[in-house]
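Q: Just so you know, the protein sequences line up as chains A and B, in that order. Numbering follows our numbering, in which position 222 of the first sequence is assigned residue number 222; successive positions increment by one, without gaps. Numbering follows our numbering, in which position 103 of the second sequence is assigned residue number 1103; successive positions increment by one, without gaps. One structure, as structure tokens, below. Some questions next.
2 protein chains.
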Amino acid sequence: MSLLVVGSVAFDSVETPFGKREKMLGGSASHFSISASFFTNVRVVAVVGGDFGAEERAVFENHRVDMTDLEVIPDGQTFRWFGRYEYDLNVAHTLDTHLNVFAGFQPKLSDGSKGARLVFLGNIQPDLQRDVRQQIPNAELVALDTMNLWIDTTRKSLQKAIEIVDLLIVNDAEARQLTEEPNLIKAARKILSWGPKTLIVKRGEYGAAMFTKDAYFAIPAYPLESVFDPTGAGDTFAGGLMGYLASQETLDEAALRRAMIFGSVMASFNVEEFGTERVQRLTQEEINQRFSEFKRFTNFEEIPFERAVKAAR
Amino acid sequence: MSLLVVGSVAFDSVETPFGKREKMLGGSASHFSISASFFTNVRVVAVVGGDFGAEERAVFENHRVDMTDLEVIPDGQTFRWFGRYEYDLNVAHTLDTHLNVFAGFQPKLSDGSKGARLVFLGNIQPDLQRDVRQQIPNAELVALDTMNLWIDTTRKSLQKAIEIVDLLIVNDAEARQLTEEPNLIKAARKILSWGPKTLIVKRGEYGAAMFTKDAYFAIPAYPLESVFDPTGAGDTFAGGLMGYLASQETLDEAALRRAMIFGSVMASFNVEEFGTERVQRLTQEEINQRFSEFKRFTNFEEIPFERAVKAAR
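What follows is the structure, given as structure tokens:
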């Protein structure tokens, strides 16, 4: 058992300029674990209601997602999110949120889960993130995601949570808001001073960047001509990243770099269709193909410029 | 004689949160040619007034910029720009513009200039860009820069100018405005259908991307902890890019990729100090060092994921 995710399992209803879907399987833990399942076995810690049926269960089963710690409250309803995107797909407009059983979520970890090598603390209330983190003191790498809501409402608790993880994964607006520092490089330095060894910043259509004390790594995004539904892109990115890391013996800088590419590859597929539809039917070959494309469109030869040599020709 | 630039030579007065400078040497042709001079000999076509003195002339001379086609109108005043930046350095606020001698600018090319191998049509009125382009029918590569002003006021003429160049260099907002297409990949496809073989899109702190019919290339920006004065960054980028190309025998895809890195390197230095101050005293070693850094912070190993192999370990 290698990778554990704590987060939300939800039903999403999404409208975009290109169509709409009712009650799709969504939530951070769903997007994360389906994405990660292409690289490793995933164990999900979440809560659902009695409306989480055979169809949804089958999706997790098909991707070998371990549901031992998926708590079911038969009398309750699963978390629902209703959202809309305009032509600018970078901005999600929340129409409605029904927390339902998610409102009382208290993550409960079985012994199997407590032995996880890698942990992803998805975007939930930071007190809960800290609680889970403390139940797995021996994990080799613990990553944390968050959102502006928790920066606004529970900043102190969030900062304490960040202090005790190895890797923070946020978008650039969140990194700036968290540190109150408009320059991303300075914001990164500040976050690393709090405790995490690594910061990964998601930049949407502009790619992603990774900061450690000694190194910097940055990649552009996969070029997409049509983005259909960006819901879950960040969790799908994290799933590819953490799933790939879980498959590696050594979690060094080189592995982290490749993991960022795999994360970006998975996110690029995610946004091409509604919900998890595209990612669900991915093949390993398609993933590797897009990984190779990343190499092709970022590669250049390192030939220092020497004026004298050129002039002599 | 290899590289020609047509554009503005100006005196800039700039205020930023970090300080201010009066009457610095500026303008697209100045930033471009000083940057390009580190890679090749540059010939500048521009107009100045009697206030363009020995000090400014010395800057160009020190960088071996050929001033044969730098027209001097002794009774006139050089183009002046007065600008201010707030903490968000991405947005330039124009306080005042005195076109002065630039208002009647009619580029005049000597025979030497007409033999240029590479041409950069800096950001000036598109009719003038077309006029210059037609005077150099045999150039191997002609690049064009523009700005939102010309898209707003002279769209038809601008599009005709774009149709007869090889390379368009714009920022992403301009690419979208020009094509009325919010998706950059679609915008790029449209621009390439108009005539240019290559489109390079500048994305400020997010880097740059290059589009051709068959290929895509994208790079992040050099990570800067403090940006001091972004004035001229785009022209400095173009100068490094075109200057490097001029030094190469073959203008193929691989050379264009390296040229984008050199352009980004030059732009990263430009914004570290006011005006052309930092670029003026650059060394070839500093340029190559930063080029190598680009390789280090963008490089990753291409190892396809194979679950079976990993699981067997």
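By construction, the Cβ of each residue, glycine as well, lies at the ideal position given by its N, Cα and C atoms.
Starting from the N-terminal side, write out each stretch of the alpha helix (DSSP H) that is 4 residues or longer and does not extend beyond the region 1117–1182 of chain B.
A: Taking only runs of at least 4 residues, the alpha helix (DSSP H) segments lying wholly in the region 1117–1182 of chain B are 1126–1135, 1148–1153, 1155–1163, 1172–1179.
Q: Please list, in chain order, the chain B residues whose beta carbon lies closer than 7 Å to that of Lys295/A.
A: Here residue 295/A refers to the residue found at position 295 when the first sequence is read from its first residue. Result: Glu1302.
Q: Kindly indicate which residue of Val201/A, Met260/A, Glu306/A has the alpha-carbon position closest to the one of Glu1285/B.
A: For the purposes of this step, residue 1285/B is taken as residue 285 along the second sequence, with counting starting at 1. Residue Glu306/A is the option with its Cα nearest to Glu1285/B.
Q: Along the chain, where does the beta strand (DSSP E) that runs through Glu15/A open and close?
A: Position 15 of the first sequence, counted from the start, is the residue given in the question as residue 15/A. Segment 10–16, the beta strand (DSSP E) holding Glu15/A.
Q: Do the region 223–234 of chain A and the region 248–265 of chain A meet, that is, are 3 or more Cβ pairs less than 8 Å apart?
A: No, the region 223–234 of chain A does not touch the region 248–265 of chain A.
Q: With a threshold of 8 Å between beta-carbons, can Pro17/A be considered close to chain B, or not?
A: As a working mapping, residue 17/A is identified with position 17 in the first sequence. With 8 Å as the cut-off, Pro17/A does not count as an interface residue toward chain B.
Q: For the putative contact between Val45/A and Val14/A, defined by C-beta atoms under 8 Å, what is the C-beta separation to the nearest angstrom?
A: The residue given as residue 45/A occupies position 45 in the first sequence. The residue given as residue 14/A occupies position 14 in the first sequence. At roughly 25 Å, the Cβ-Cβ gap does not stay under 8 Å, so Val45/A and Val14/A are not in contact.
Q: Could you have a look at Gly234/A and say whether DSSP puts it in helix, strand or coil?
A: As a working note, residue 234/A is residue 234 in the first sequence. Correct three-state label for Gly234/A: helix.
Q: Going by CA-CA distance only, name the one from Phe1039/B, Gln1135/B, Gln1129/B, Gln1134/B that's closest to Asp1145/B.
A: Here residue 1145/B refers to the residue found at position 145 of the second sequence. Ranking Phe1039/B, Gln1135/B, Gln1129/B, Gln1134/B by Cα distance to Asp1145/B puts Gln1129/B first.
Q: When you compare the CB of Asn950/B with every CB in chain A, is at least one pair closer than 8 Å?
A: Given that chain B is displayed from residue 1001 to residue 1313, the structure contains no residue 950/B and the question cannot be resolved.
Q: Is it true that the CB of Glu174/A sits closer than 8 Å to the CB of Asn138/A?
A: As a first step, residue 138/A is located in the first sequence; it is residue number 138 there, counting from the start. As a first step, residue 174/A is located in the first sequence; it is residue number 174 there, counting from the start. Taking 8 Å as the Cβ cut-off, Asn138/A and Glu174/A do not qualify as a contacting pair.
Q: Assuming the contact rule is C-beta atoms closer than 8 Å, Gly239/A and Ser35/A should be a hit. Round their C-beta distance to whole Å, please.
A: As a first step, residue 239/A must be located in the first sequence, where it is residue number 239. As a first step, residue 35/A must be located in the first sequence, where it is residue number 35. Contact holds; Cβ gap of about 3 Å.
Q: Cβ of Gln1125/B less than 8 Å from any chain A Cβ?
A: The residue labelled residue 1125/B in the question sits at position 125 within the second sequence. It does not: the Cβ of Gln1125/B has no partner Cβ on chain A nearer than 8 Å.
Q: Measuring CA to CA, which of Gly27/A, Glu61/A, Glu56/A is closest to Ser37/A?
A: Residue 37/A sits at position 37 when you count from the first residue of the first sequence. Minimum Cα distance to Ser37/A is reached at Glu61/A.
Q: Looking at C-beta atoms only, is the number of pairs between the region 281–296 of chain A and the region 1295–1303 of chain B that lie closer than 8 Å three or more?
A: Flag = yes, the region 281–296 of chain A and the region 1295–1303 of chain B touch.
Q: Use the C-beta contact count for Pro17/A: other C-beta atoms within 10 angstroms, 16 or more gives buried, fewer gives exposed.
A: As a working note, residue 17/A is residue 17 in the first sequence. The residue in question, Pro17/A, is exposed, as its Cβ has fewer than 16 Cβ neighbours within 10 Å.
Q: Straight-line CA distance for Val9/A to Leu1241/B?
A: What you label residue 9/A is simply residue 9 of the first sequence in a count that begins at 1. What you label residue 1241/B is simply residue 241 of the second sequence in a count that begins at 1. Taking the straight line from one Cα to the other gives about 49 Å.
Q: Name, going along the chain, the residues of the region 1190–1220 of chain B whose beta-carbon falls closer than 8 Å to a beta-carbon of chain A.
A: Answer set for the region 1190–1220 of chain B: Arg1203, Glu1205, Tyr1206, Gly1207, Ala1209, Ala1215, Tyr1216, Phe1217, Ala1218, Ile1219, Pro1220.
Q: Which residue marks the beginning of the alpha helix (DSSP H) containing Glu1086/B, and which one marks its end?
A: Start at 1 with the first residue of the second sequence, and residue 1086/B comes out as number 86. No alpha helix (DSSP H) contains Glu1086/B, which DSSP labels as neither H nor E.
Q: Given a cut-off of 8 Å, decide if Leu1121/B and Leu1245/B are closer than it, judged by their beta-carbon atoms.
A: Start at 1 with the first residue of the second sequence, and residue 1245/B comes out as number 245. Start at 1 with the first residue of the second sequence, and residue 1121/B comes out as number 121. In this structure, Leu1121/B does not lie closer than 8 Å to Leu1245/B by Cβ.
Q: Would Asn1183/B pass as an interface residue toward chain A - the criterion being a Cβ-Cβ separation below 8 Å?
A: As a position in the second sequence, residue 1183/B is number 183, starting the count at 1. Interface residue, yes.
Q: List the residues of chain B whose Cβ lies closer than 8 Å to the Cβ of Thr283/A, in chain order.
A: Walking along the first sequence from the start, residue 283/A turns up at place 283. The premise fails here: Thr283/A is roughly 12 Å from chain B at the closest Cβ pair, so nothing lies under 8 Å.
Q: Since I believe Met210/A is in contact with Leu256/A (beta carbons under 8 Å), could you give me their beta-carbon distance rounded to a whole number of angstroms?
A: Residue numbering aside, residue 256/A sits at position 256 when the first sequence is read from its first letter. Residue numbering aside, residue 210/A sits at position 210 when the first sequence is read from its first letter. Leu256/A to Met210/A, Cβ: 6 Å. Contact.
Q: Does any residue of chain B have a CB that is nearer than 8 Å to the CB of Arg307/A?
A: Within the first sequence, residue 307/A is the residue found at index 307, counting from 1. Judged by the 8 Å Cβ criterion, Arg307/A is in contact with chain B.
Q: Counting along the chain, where does the beta strand (DSSP E) carrying Met210/A start and finish?
A: The residue you call residue 210/A lines up with position 210 of the first sequence. Per DSSP, Met210/A belongs to the beta strand (DSSP E) from 208–212.
Q: Which residue's Cα is closest to the Cα of Lys1190/B: Lys1213/B, Gly1204/B, Lys1202/B?
A: Against the second sequence, residue 1190/B aligns to sequence position 190. Looking at the Cα atoms, Lys1213/B is the closest of the given residues.
Q: Taking 7 Å as the line, does the beta carbon of Leu121/A fall inside it for any heavy atom of the ligand FMN?
A: For the structure depicted, the ligand FMN is absent and the ligand set is empty, with no information on it obtainable.
Q: Using a Cβ-Cβ cut-off of less than 7 Å, give me the residues of the region 235–262 of chain A that come near chain B, in sequence order.
A: Correct list: Tyr244, Ser247, Glu249, Ala254, Arg257, Arg258, Ile261, Phe262.
Q: Skipping 5 residues on each side, what residues in its chain have a beta carbon closer than 7 Å to that of Gln248/A?
A: Translated into the one-based positions of the first sequence, residue 248/A becomes position 248. The answer, listed in chain order, is Ala255.
Q: Can you find the residues in the same chain that come closer than 8 Å, C-beta to C-beta, to Ile1219/B, ignoring five residues on each side of it along the sequence?
A: Against the second sequence, residue 1219/B aligns to sequence position 219. For Ile1219/B, where only same-chain residues beyond five positions count, the Cβ hits under 8 Å are Gly1207, Ala1208, Ala1209, Met1260, Ile1261, Ser1264, Phe1294, Thr1298.
Q: In this structure, does DSSP put Gly76/A in helix, strand or coil?
A: Against the first sequence, residue 76/A aligns to sequence position 76. DSSP places Gly76/A in coil when its eight states are reduced to three.
Q: Which same chain residues, not among the five before or five after Asp1172/B, have their C-beta less than 7 Å away from its C-beta?
A: The residue you call residue 1172/B lines up with position 172 of the second sequence. Contacts found: Leu1184, Val1201, Arg1203.
Q: With 8 Å set as the bound, which would you pick, yes or no: does the beta-carbon of Lys1186/B sit closer than that to a beta-carbon of chain A?
A: As a working mapping, residue 1186/B is identified with position 186 in the second sequence. For Lys1186/B, the answer is yes, since a Cβ of chain A falls inside 8 Å of its Cβ.
Q: Kindly say whether Ser1292/B, judged by its beta-carbon, lies nearer than 8 Å to any beta-carbon of chain A.
A: Here the question's residue 1292/B lines up with position 292 in the second sequence. For Ser1292/B, the answer is yes, since a Cβ of chain A falls inside 8 Å of its Cβ.
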